[in-house]
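**Q** Take a look at the following structure, please.
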Amino acid sequence: MAQQSALAALDHPSLSPSPPSPTLVSPLPPVRPREAATARAPAFPRAPPAAATRASRRLPPEARPLAAPAACWASAPRATTLVSIPGSATAAHQRRRRPPDMAEPANRRMEAVRRHLLLPPPPPPPQPQPSPLRSNPLSSHTVVEVEPRPVIIGGMVLDIHAKPSVPPHPGTTVPGTVKYVSGGVARNIAECMAKLGTRPFMISVVGNDMAGDFLLKYWRSAGLCTEGILQVHDVATPVVSNVFDGSGELIAGVASVGAVEKFLTPSWLYRFRHHISNAPLVMLDANLPPDSLEAACIMAYESGVPVLFEPVSVVKSRRIAPIAEYITCTSPNEIELVAMANSLSPPVKYNYHKMEQCKDKAEAVEYLFEILSPAMFFLLEKGIKLLVVTLGSNGVFICCKEHTDFVKDQRKCKQTPFSKQLLEKLDGCFPSNNPVNLCRESCSRTCVFHLPAISASVISLTGAGDCLVGGVLSALCGGLDIIQSVAIGVAIAKASVESQANIPDHISAASVSGLLQ
1 MAQQSALAAL DHPSLSPSPP SPTLVSPLPP VRPREAATAR APAFPRAPPA
51 AATRASRRLP PEARPLAAPA ACWASAPRAT TLVSIPGSAT AAHQRRRRPP
101 DMAEPANRRM EAVRRHLLLP PPPPPPQPQP SPLRSNPLSS HTVVEVEPRP
151 VIIGGMVLDI HAKPSVPPHP GTTVPGTVKY VSGGVARNIA ECMAKLGTRP
201 FMISVVGNDM AGDFLLKYWR SAGLCTEGIL QVHDVATPVV SNVFDGSGEL
251 IAGVASVGAV EKFLTPSWLY RFRHHISNAP LVMLDANLPP DSLEAACIMA
301 YESGVPVLFE PVSVVKSRRI APIAEYITCT SPNEIELVAM ANSLSPPVKY
351 NYHKMEQCKD KAEAVEYLFE ILSPAMFFLL EKGIKLLVVT LGSNGVFICC
401 KEHTDFVKDQ RKCKQTPFSK QLLEKLDGCF PSNNPVNLCR ESCSRTCVFH
451 LPAISASVIS LTGAGDCLVG GVLSALCGGL DIIQSVAIGV AIAKASVESQ
501 ANIPDHISAA SVSGLLQ
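Right under this line is the structure:
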């Protein structure tokens, strides 16, 4: 009988639930006193929320909803609630209704009937749509597939080159030329690699100023990715001002690269950990702050990626001390080599005295080896696998102690047209049975090799060392071994000193291999 009464109540037009409204009240049909004692109140799914009841009581009398003398219907979402007035016949009947444990199953069944009869079917669940937002790059669960590319981390700098046309005099200006050039050790190396067909991934920082816009515009014009380059507002782009003598030799320079140390933080580098872990190699320049150097080294080390450390300057070359165990290769000049060795061996043990001009190149090389070999051997003992020591016009020392797999997963690197042509053209220069193939033969003893410099008509020496490193890294990624790669670097350095720009505008496999014939 309770279910029939409830169904009848649902079918009655005056008892059908009205749309949800906070102020709409529908009175019940008038109830006769005799019927009120025996009539059953229809079952409802739930009582009004206690919070809503308390809120209604706190309203002033004029703001409360009007109610019928006996009972009223208050609409609520998906349910109609009976509100009883104390002392009414309905309230008296509710005190005599069946126990809750018997009424509750009926209420649940009636709720199911009401949902099927009165409510429209629920809409189908929405289909998942691709999110326009990027996944959080700092989430440890993010899986990102990136193309294996060498990663270059360090400074993008605007170089100001001042070259006097007459010998400079202290305390006064002299006529000459002043040029703005895209520079920075890491940026120069990355640009050189790009011109040789290797597409590096650059991680750096510039300011939101004229110099920063100049560097980014040039980078985009070369078709290179700027994803890893942070542009910061209210920060000055790194700038280096250099003064040269008439022969192109650097006299003095001032570097303002505070933005690199402040904003190339471990957290910024960690955003690109997937690029680092998939890279065939990673190059760091010493403009990075020590904590960022260590963070990058650890990320590379955990993925088995070789790391090259570029000293940048004598002062900053000492930053290798805390990370020497992670470094696979470094490329200092003579003074930077000694400074690095002394930073790992206090007190000072190693010294370098610039020799007087020697008429005999062989004599000069022997002298340099005698002076520099203790520092080279010491750095190898500290865990560095390979040293490429630049000697200016005297060439390069290559020093290693053991088997060195310098490039990780070389098969993942896409061989460029440049590297293919080099491999073909260098067959005559470097036969396949060359006994000094350091990448493929284990070496249990310390070995030092010397490659001479190529004669050049010097215009500017700035960028020559960066071109040498860029050529070495690009050739390694193209499949050449260490000796061959350093030879390529020497040839490109020769092209650099004969150019006004830091990086020569036109580099080709034919021109480079022609220099090696």
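Residue numbering for the sequence shown follows the UniProt record's numbering, beginning at 1 and increasing consecutively. For each residue, glycine too, the CB sits at the ideal point set by N, CA and C. Note that this is a predicted model, so its numbers are computed, not measured.
1) If you check the beta carbons only, do residue 458 and residue 512 fall under 8 Å apart?
2) Can you say whether residue 249 is buried or exposed, counting buried as having 16 or more other CB atoms within 10 angstroms of its CB?
3) State the Cα-Cα distance for the pair residue 254 and residue 222, rounded to the nearest angstrom.
4) Our contact map puts residue 158 next to residue 237 with C-beta atoms below 8 Å; I'd like the distance itself, whole angstroms only.
5) If you draw a straight line from the C-alpha of residue 163 to the C-alpha of residue 485, how long is it?
6) Does the pairing of the stretch 463-481 with the stretch 279-290 give three or more beta-carbon distances under 8 Å?
7) Count the C-beta pairs between the stretch 165-178 and the stretch 298-309 that are closer than 8 Å, then say yes if the count reaches three, no if not.
8) Please report the straight-line C-alpha distance between residue 166 and residue 246, rounded to a whole angstrom.
9) Give a yes or no on whether the C-beta atoms belonging to residue 483 and residue 398 are separated by under 8 Å.
10) Using three-state DSSP, classify residue 160 as helix, strand or coil.
11) Which residue's Cα is closest to the Cα of residue 395: 365, 286 and 197?
12) Quick check on residue 385: does DSSP put it in helix, strand or coil?
13) Looking only at DSSP bridge pairs, what is residue 333 linked to?
14) With a Cβ-Cβ cutoff of 8 Å, do residue 191 and residue 503 count as a contact?
15) In the DSSP assignment, what are the bridge partners of residue 398?
16) Using beta-carbon positions only, say whether residue 391 and residue 334 come within less than 8 Å of one another.
17) From residue 275 to residue 360, what does the alpha carbon distance come to, in whole angstroms?
18) Between the C-alpha atoms of residue 194 and residue 332, what's the straight-line distance to the nearest angstrom?
19) Under three-state DSSP, which class holds residue 231?
20) How long is the line joining the alpha carbons of residue 219 and residue 189, rounded to whole angstroms?
21) Can you tell me which of 200, 300 and 338 puts its alpha carbon nearest to the alpha carbon of residue 530?
22) What residue range is occupied by the uninterrupted alpha helix (DSSP H) comprising residue 179?
23) Use the C-beta contact count for residue 187: other C-beta atoms within 10 angstroms, 16 or more gives buried, fewer gives exposed.
24) Which same chain residues, not among the five before or five after residue 453, have their C-beta less than 6 Å away from its C-beta?
25) Can you tell me the Cα-Cα spacing of residue 252 and residue 145, whole angstroms?
26) Let's test the definition: count the other Cβ atoms within 10 Å of the Cβ of residue 316 and tell me whether it reaches 16, buried, or not, exposed.
27) Give me the Cα-Cα distance between residue 295 and residue 168, rounded to the nearest whole angstrom.
28) In whole angstroms, what separates the C-alpha of residue 499 from that of residue 149?
29) Tell me whether the beta-carbon of residue 387 lies closer than 8 Å to the beta-carbon of residue 330.
30) Exposed or buried, which one is residue 550 when buried takes at least 16 other CB atoms within 10 Å?
31) Output needed for residue 506: all residues of its chain with C-beta closer than 6 Å, excluding positions within five of it in sequence on either side, in chain order.
32) DSSP three-state call for residue 317: helix, strand or coil?
33) Please confirm whether residue 314 and residue 286 have their CB atoms less than 8 Å apart.
34) Helix, strand or coil: which one does DSSP assign to residue 342?
35) Which residue wins for smallest C-alpha separation from residue 277, given the options 322, 151, 258 and 156?
36) Skipping 5 residues on each side, what residues in its chain have a beta carbon closer than 6 Å to that of residue 257?
**A** According to the data block:
1) Start at 1 with the first residue of the sequence shown, and residue 458 comes out as number 458. Start at 1 with the first residue of the sequence shown, and residue 512 comes out as number 512. The answer is no: Cβ separation not under 8 Å.
2) Start at 1 with the first residue of the sequence shown, and residue 249 comes out as number 249. Exposed.
3) Taking the sequence shown and counting its residues from 1, one reaches residue 254 at position 254. Taking the sequence shown and counting its residues from 1, one reaches residue 222 at position 222. So the alpha carbons of these two residues sit roughly 28 Å apart.
4) Position 158 of the sequence shown, counted from the first residue, corresponds to residue 158. Position 237 of the sequence shown, counted from the first residue, corresponds to residue 237. Contact flag correct, Cβ pair sits at about 6 Å.
5) As a working mapping, residue 163 is identified with position 163 in the sequence shown. As a working mapping, residue 485 is identified with position 485 in the sequence shown. Each residue's alpha carbon lies about 33 Å from the other.
6) A contact exists between the stretch 463-481 and the stretch 279-290.
7) Flag = no, the stretch 165-178 and the stretch 298-309 do not touch.
8) Along the sequence shown, one-based indexing puts residue 166 at 166. Along the sequence shown, one-based indexing puts residue 246 at 246. Distance between the alpha carbons of residue 166 and residue 246: 7 Å.
9) On the sequence shown, residue 483 is found 483 positions in, with the first residue counted as 1. On the sequence shown, residue 398 is found 398 positions in, with the first residue counted as 1. Contact flag set, yes.
10) Position 160 of the sequence shown holds residue 160. Strand at residue 160.
11) Residue numbering aside, residue 395 sits at position 395 when the sequence shown is read from its first letter. The residue with the shortest Cα to Cα distance from residue 395 is 365.
12) To locate residue 385, count along the sequence shown from 1; it is residue 385. Of the three classes helix, strand and coil, the one that applies to residue 385 here is coil, per DSSP.
13) Looking up residue 333 in the sequence shown gives position 333. Note: residue 333 sits in a beta bridge opposite 390.
14) Counting from one through the sequence shown, the residue named residue 191 turns up at place 191. Counting from one through the sequence shown, the residue named residue 503 turns up at place 503. A contact, by the Cβ cut-off of 8 Å.
15) Taking the sequence shown and counting its residues from 1, one reaches residue 398 at position 398. Checking the DSSP bridge columns, you'll see residue 398 partnered with 388 and 449.
16) As a working note, residue 391 is residue 391 in the sequence shown. As a working note, residue 334 is residue 334 in the sequence shown. For residue 391 and residue 334, yes; Cβs fall inside 8 Å.
17) Position 275 of the sequence shown, counted from the start, is the residue given in the question as residue 275. Position 360 of the sequence shown, counted from the start, is the residue given in the question as residue 360. Near 47 Å, if we compare the C-alpha coordinates of residue 360 and residue 275.
18) The residue labelled residue 194 in the question sits at position 194 within the sequence shown. The residue labelled residue 332 in the question sits at position 332 within the sequence shown. Approximately 22 Å, taken between the alpha carbons.
19) As a working note, residue 231 is residue 231 in the sequence shown. Here residue 231 sits in strand by DSSP.
20) Locating residue 219 in the sequence shown gives position 219, where the first residue counts as 1. Locating residue 189 in the sequence shown gives position 189, where the first residue counts as 1. C-alpha separation (whole angstroms): 13 Å.
21) In the structure displayed, the chain extends from 1 to 517; residue 530 sits before or after that span and is not available.
22) Looking up residue 179 in the sequence shown gives position 179. From DSSP, residue 179 is part of no alpha helix (DSSP H) but of the beta strand (DSSP E) over 176-183.
23) Mapped onto the sequence shown, residue 187 falls at position 187. Taking every protein chain shown into account, the CB of residue 187 has 16 or more other CB atoms within 10 angstroms, so this residue is buried.
24) Residue numbering aside, residue 453 sits at position 453 when the sequence shown is read from its first letter. Hits under 6 Å: 393 and 395.
25) As a first step, residue 252 is located in the sequence shown; it is residue number 252 there, counting from the start. As a first step, residue 145 is located in the sequence shown; it is residue number 145 there, counting from the start. Whole-angstrom Cα-Cα distance: 45 Å.
26) Residue 316 sits at position 316 when you count from the first residue of the sequence shown. It is buried - the Cβ of residue 316 has at least 16 other Cβ atoms within 10 Å.
27) Your numbering for residue 295 matches position 295 in the sequence shown. Your numbering for residue 168 matches position 168 in the sequence shown. So the alpha carbons of these two residues sit roughly 44 Å apart.
28) Position 499 of the sequence shown holds residue 499. Position 149 of the sequence shown holds residue 149. The alpha-carbon atoms of residue 499 and residue 149 are separated by roughly 28 Å.
29) The residue given as residue 387 occupies position 387 in the sequence shown. The residue given as residue 330 occupies position 330 in the sequence shown. With contacts defined as CB atoms closer than 8 Å, residue 387 and residue 330 qualify as a contacting pair.
30) Nothing about residue 550 can be reported from this structure: the residues present for the chain run from 1 to 517 only.
31) As a first step, residue 506 must be located in the sequence shown, where it is residue number 506. The answer is none, since no qualifying residue turns up.
32) By 1-based counting over the sequence shown, the position of residue 317 is 317. Residue 317: helix per DSSP, three-state reduction.
33) Within the sequence shown, the letter at position 314 stands for residue 314. Within the sequence shown, the letter at position 286 stands for residue 286. No; because the gap between Cβ atoms is not below 8 Å, this pair is not in contact.
34) Position 342 of the sequence shown, counted from the first residue, corresponds to residue 342. Note: residue 342 maps to helix in three-state DSSP.
35) The residue given as residue 277 occupies position 277 in the sequence shown. Of 322, 151, 258 and 156, the smallest CA-CA separation from residue 277 is found for 151.
36) As a first step, residue 257 must be located in the sequence shown, where it is residue number 257. 155, 238 and 287.
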